[in-house]
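**Student:**
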Amino acid sequence: MTVFIAIVLAGLGTYAMRALFLVALSNKTFPPLALRLLGYVAPAVMGALVVSMLIDSTGHLSLGAPELAGLGCAAFVAARTRNHIYALVVAMAVFWSLRWIM
Amino acid sequence: MASSKGKSPVWRGMKGSIPLFIPAIPFAFVFGVVVAESGIPGLLGWSSAPIIFGGAAQITLLTLLGEGASVAAAVTAALIVGARHLLYSVTMAPRFQSQPRWFRWVGAYMLIDQVFALVSIEELDDPDEFRHFYLSAGLTFWSLWMSFTALGIAIGPVIPEGWQLAFAAPVLFISILAVSVDRWQKAAVALVAMIAMAALADLPNRLGILVAAVLAMFVGILLERFRR
Numbered sequence: 001m002t003v004f005i006a007i008v009l010a011g012l013g014t015y016a017m018r019a020l021f022l023v024a025l026s027n028k029t030f031p032p033l034a035l036r037l038l039g040y041v042a043p044a045v046m047g048a049l050v051v052s053m054l055i056d057s058t059g060h061l062s063l064g065a066p067e068l069a070g071l072g073c074a075a076f077v078a079a080r081t082r083n084h085i086y087a088l089v090v091a092m093a094v095f096w097s098l099r100w101i102m
Numbered sequence: 103m104a105s106s107k108g109k110s111p112v113w114r115g116m117k118g119s120i121p122l123f124i125p126a127i128p129f130a131f132v133f134g135v136v137v138a139e140s141g142i143p144g145l146l147g148w149s150s151a152p153i154i155f156g157g158a159a160q161i162t163l164l165t166l167l168g169e170g171a172s173v174a175a176a177v178t179a180a181l182i183v184g185a186r187h188l189l190y191s192v193t194m195a196p197r198f199q200s201q202p203r204w205f206r207w208v209g210a211y212m213l214i215d216q217v218f219a220l221v222s223i224e225e226l227d228d229p230d231e232f233r234h235f236y237l238s239a240g241l242t243f244w245s246l247w248m249s250f251t252a253l254g255i256a257i258g259p260v261i262p263e264g265w266q267l268a269f270a271a272p273v274l275f276i277s278i279l280a281v282s283v284d285r286w287q288k289a290a291v292a293l294v295a296m297i298a299m300a301a302l303a304d305l306p307n308r309l310g311i312l313v314a315a316v317l318a319m320f321v322g323i324l325l326e327r328f329r330r
């Protein structure tokens, strides 16, 4: 039940963000400085989330050489090719190889 | 695109959506693995696809719930991940001013990354043409996302845990991050957030995400001084 409540809350919140300017404030805009600061929200949260996804439920962080190399390769390939599938394939291959060697 | 001129906007919307859906396929499968590992029943996990209709937010929410985060922490993180939708909403608003009321409500539900990208590059001057194209692209993505997330949920539990496929989730997030970084300040902000999160790994309920993100955003504001 708590999971369903969380899904519904996240759904309502996501819908509200999409609808805000289409439905309610279609003739309002953000000041340029606010838009520029809003641009930092995504990298800050995504950076924190990447690392948080490597933490297990006991608070232990698994960030060894395979994880670091995999994430580094993903970032490099994605920045170069702008293709998430290439990034995923290369990163998983590097991650699996290093885990197999070590 | 001169070649597509004269073709019906419904057809153009469908045709334009399919290639853009391909990059979303790994998200659907990673989502399936995340739901399987979280121990949340498949149908319940899948219900986030029609309710939220946003891959990154769905993966964030279910990963965090599976790791034992509180509802408040998981929902907050999912909403912050989805905060870019506010930017889409602002950018798209002028083109909705001449649209009927019902379409503003329905169109908001379909304002996903790919629909935003498609509508931004297509030439759609007439409001009716715009609406037909938007609805057609949105419904195509919606049907594909519902089907592929269901497929991901079905396949997720079958994948052996030894493959460590859950690692694909941070990999996809760092590749979104790498694509979205368009100036060095953003890369620095992301790096600060990563280091802070690693230092705050012990904080309960994934509180570290909020603390690390807020800290990194302050660093971003400070770095704004180095902009010309």
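From first to last, the protein sequence lines stand for chains X and U.
All residue numbers for the first sequence refer to the working numbering, where the first residue is 1 and numbers rise by one.
All residue numbers for the second sequence refer to the working numbering, where the first residue is 103 and numbers rise by one.
Where is the CB? At the ideal position from N, CA and C, for every residue including glycine.
How big is the Cα-Cα spacing for proline 306 of chain U and alanine 176 of chain U?
**Tutor:** Residue mapping note: residue 306 of chain U aligns to position 204 of the second sequence, counting from 1. Residue mapping note: residue 176 of chain U aligns to position 74 of the second sequence, counting from 1. Taking the straight line from one Cα to the other gives about 12 Å.
**Student:** Where does glutamine 160 of chain U land, buried or exposed, given buried means 16+ other C-beta within 10 angstroms?
**Tutor:** For the purposes of this step, residue 160 of chain U is identified with residue 58 of the second sequence, where counting begins at 1. That one is buried.
**Student:** List the endpoints of the continuous alpha helix (DSSP H) containing valine 208 of chain U.
**Tutor:** The count along the second sequence starts at 1 and reaches residue 208 of chain U at position 106. Element bounds for valine 208 of chain U: 203-211.
**Student:** What residue from U/Ser149, U/Ala280, U/Trp247, U/Ile255 has the CA that sits closest to alanine 10 of chain X's CA?
**Tutor:** Locating residue 10 of chain X in the first sequence gives position 10, where the first residue counts as 1. Closest by alpha carbon: U/Ser149.
**Student:** Distance check for isoleucine 120 of chain U and leucine 145 of chain U, CA to CA, integer angstroms please.
**Tutor:** Translated into the one-based positions of the second sequence, residue 145 of chain U becomes position 43. Translated into the one-based positions of the second sequence, residue 120 of chain U becomes position 18. Near 26 Å, if we compare the C-alpha coordinates of isoleucine 120 of chain U and leucine 145 of chain U.
**Student:** Against chain U, does glycine 64 of chain X count as a neighbour if the rule is that its beta carbon must be under 8 Å from one of theirs?
**Tutor:** Taking the first residue of the first sequence as 1, we reach residue 64 of chain X at position 64. Glycine 64 of chain X does not count as touching chain U.
**Student:** Give a yes or no on whether 8 Å exceeds the smallest Cβ distance from leucine 235 of chain U to chain X.
**Tutor:** As a working note, residue 235 of chain U is residue 133 in the second sequence. Just to set this straight, residue 235 of chain U is phenylalanine in the shown sequence, not leucine. Phenylalanine 235 of chain U does not count as touching chain X.
**Student:** In three-state DSSP terms, what is leucine 253 of chain U?
**Tutor:** What you label residue 253 of chain U is simply residue 151 of the second sequence in a count that begins at 1. In the structure shown, leucine 253 of chain U sits in a helix (DSSP, three-state: H, G or I).
**Student:** How do the segment 207-227 of chain U and the segment 28-45 of chain X stand: do at least 3 beta-carbon pairs fall below 8 Å, yes or no?
**Tutor:** In short, these stretches do not touch, since the Cβ pair count stays below three.
**Student:** Is there contact between the segment 40-48 of chain X and the segment 302-317 of chain U, where contact requires at least three CB pairs shorter than 8 Å?
**Tutor:** Cβ pair count under 8 Å is three or more, so yes.
**Student:** Mind pulling the chain U residues with CB within less than 9 Å of isoleucine 85 of chain X?
**Tutor:** For the purposes of this step, residue 85 of chain X is taken as the residue at position 85 of the first sequence. The contacting residues are Ile124, Pro125, Ile127, Pro128.
**Student:** Cα separation between leucine 166 of chain U and methionine 92 of chain X?
**Tutor:** Here residue 166 of chain U refers to the residue found at position 64 when the second sequence is read from its first residue. Here residue 92 of chain X refers to the residue found at position 92 when the first sequence is read from its first residue. For leucine 166 of chain U and methionine 92 of chain X, the distance between alpha carbons rounds to 22 Å.
**Student:** Taking the alpha-carbon positions, what's the valine 208 of chain U to methionine 1 of chain X distance?
**Tutor:** Looking up residue 208 of chain U in the second sequence gives position 106. Looking up residue 1 of chain X in the first sequence gives position 1. In a straight line, the C-alpha of valine 208 of chain U is about 27 Å away from that of methionine 1 of chain X.
**Student:** What residues from chain U crowd round alanine 93 of chain X, counting only those whose CB sits closer than 7 Å?
**Tutor:** Here the question's residue 93 of chain X lines up with position 93 in the first sequence. The contacting residues do not exist; alanine 93 of chain X stays about 11 Å from chain U at best.
**Student:** Would serine 62 of chain X be called buried (16 or more neighbouring beta carbons within 10 Å of its own) or exposed?
**Tutor:** By one-based count along the first sequence, residue 62 of chain X stands at place 62. With fewer than 16 other Cβ atoms within 10 Å, it is exposed.
**Student:** DSSP state of isoleucine 214 of chain U, grouped into three classes?
**Tutor:** Translated into the one-based positions of the second sequence, residue 214 of chain U becomes position 112. Three-state result, isoleucine 214 of chain U: coil.
**Student:** Nearest chain X C-beta to serine 149 of chain U closer than 8 Å, yes or no?
**Tutor:** Taking the second sequence and counting its residues from 1, the one referred to as residue 149 of chain U is at position 47. Yes - at least one Cβ of chain X is within 8 Å of the one on serine 149 of chain U.
**Student:** Taking DSSP as the reference, what is the three-state secondary structure of leucine 61 of chain X?
**Tutor:** Within the first sequence, numbered from 1, the residue matching residue 61 of chain X stands at position 61. Three-state result, leucine 61 of chain X: strand.
**Student:** In terms of residue numbering, what span does the alpha helix (DSSP H) encompassing glutamine 160 of chain U cover?
**Tutor:** As a first step, residue 160 of chain U is located in the second sequence; it is residue number 58 there, counting from the start. Element bounds for glutamine 160 of chain U: 157-168.
**Student:** Taking 8 Å as the threshold (beta carbon to beta carbon), is isoleucine 101 of chain X in contact with chain A?
**Tutor:** The question asks about chain A, but that chain is absent: this structure's protein chains are X and U.
**Student:** Between which two residues does the alpha helix (DSSP H) containing methionine 319 of chain U stretch?
**Tutor:** The residue you call residue 319 of chain U lines up with position 217 of the second sequence. Taken as a continuous stretch (DSSP letters only), the alpha helix (DSSP H) holding methionine 319 of chain U covers 309-325.
**Student:** Can you find at least 3 beta carbon pairs, one from the segment 16-27 of chain X and one from the segment 285-303 of chain U, that sit closer than 8 Å?
**Tutor:** Verdict: no, contact absent.
**Student:** Throw me the rounded Cβ distance for the valine 192 of chain U and phenylalanine 21 of chain X pair, which I believe falls under 8 Å.
**Tutor:** Here residue 192 of chain U corresponds to residue number 90 of the second sequence, with the count starting at 1. Here residue 21 of chain X corresponds to residue number 21 of the first sequence, with the count starting at 1. Going by Cβ atoms, the distance from valine 192 of chain U to phenylalanine 21 of chain X rounds to 5 Å, so yes, they are a contact pair.
**Student:** Per DSSP, which residues does isoleucine 55 of chain X bridge with? Please list them.
**Tutor:** Here residue 55 of chain X refers to the residue found at position 55 when the first sequence is read from its first residue. According to DSSP, which records beta bridges pairwise, isoleucine 55 of chain X is partnered with X/Leu61.
**Student:** Taking a cut of 7 Å between CB atoms, which residues from the segment 155-175 of chain U lie near chain X?
**Tutor:** For the segment 155-175 of chain U, which is checked against every Cβ of chain X, the residues closer than 7 Å are Gly156, Ala159, Thr162, Leu163, Thr165, Leu167, Glu169, Gly170, Val173.
**Student:** Taking 8 Å as the threshold (C-beta atoms), are isoleucine 142 of chain U and valine 90 of chain X in contact?
**Tutor:** Counted from its first residue, the first sequence places residue 90 of chain X at position 90. Counted from its first residue, the second sequence places residue 142 of chain U at position 40. No, Cβ-Cβ distance for valine 90 of chain X and isoleucine 142 of chain U is not below 8 Å.
**Student:** Considering only residues of the same chain and omitting the five flanking positions on each side of tryptophan 113 of chain U, which have a CB-CB separation below 7 Å?
**Tutor:** Taking the second sequence and counting its residues from 1, one reaches residue 113 of chain U at position 11. Excluding residues within five positions, none has a Cβ falling inside 7 Å.
**Student:** Alpha carbon to alpha carbon, what distance is there between alanine 78 of chain X and aspartate 222 of chain U?
**Tutor:** One-based indexing of the second sequence puts residue 222 of chain U at position 120. One-based indexing of the first sequence puts residue 78 of chain X at position 78. The question names aspartate, but residue 222 of chain U in the sequence shown is serine. Going from the Cα of serine 222 of chain U to the Cα of alanine 78 of chain X covers about 22 Å.
**Student:** Could you work out which residues of chain X lie near glycine 184 of chain U, taking near to mean beta carbons separated by less than 7 Å?
**Tutor:** Position 82 of the second sequence, counted from the first residue, corresponds to residue 184 of chain U. Result: Thr14, Met17.
**Student:** Going along chain U in order, which residues have a C-beta closer than 7 Å to the C-beta of leucine 54 of chain X?
**Tutor:** Within the first sequence, residue 54 of chain X is the residue found at index 54, counting from 1. Ordered by position in chain U, the residues that pass the 7 Å Cβ test against leucine 54 of chain X are Pro272.
**Student:** Quick one: residues in its chain with C-beta nearer than 7 Å to the C-beta of glycine 240 of chain U, no 5 flanking neighbours on either side, listed in chain order?
**Tutor:** As a working note, residue 240 of chain U is residue 138 in the second sequence. Excluding positions up to five away in sequence, the list reads Met212, Val217.
**Student:** With respect to the alpha helix (DSSP H) encompassing glutamine 199 of chain U, which residues constitute its N-terminal and C-terminal limits?
**Tutor:** Numbered from its first residue, the second sequence carries residue 199 of chain U at position 97. Taken as a continuous stretch (DSSP letters only), glutamine 199 of chain U belongs to no alpha helix (DSSP H), as it is neither H nor E.
**Student:** Within 10 angstroms of the Cβ of valine 260 of chain U, are there 16 or more other Cβ atoms? Answer buried if so, exposed if not.
**Tutor:** Along the second sequence, read from residue 1 onward, the residue named residue 260 of chain U stands at position 158. Exposed.
**Student:** Using a Cβ-Cβ cut-off of less than 7 Å, list which residues of the segment 195-219 of chain U approach chain X; keep chain order.
**Tutor:** Cβ contacts with chain X come from Ala195, Phe198, Gln199, Arg206, Trp207, Gly209, Ala210, Tyr211, Leu213.
**Student:** So glutamate 139 of chain U is in the alpha helix (DSSP H); what residue range does that whole segment cover?
**Tutor:** Mapped onto the second sequence, residue 139 of chain U falls at position 37. Per DSSP, glutamate 139 of chain U belongs to the alpha helix (DSSP H) from 127-140.
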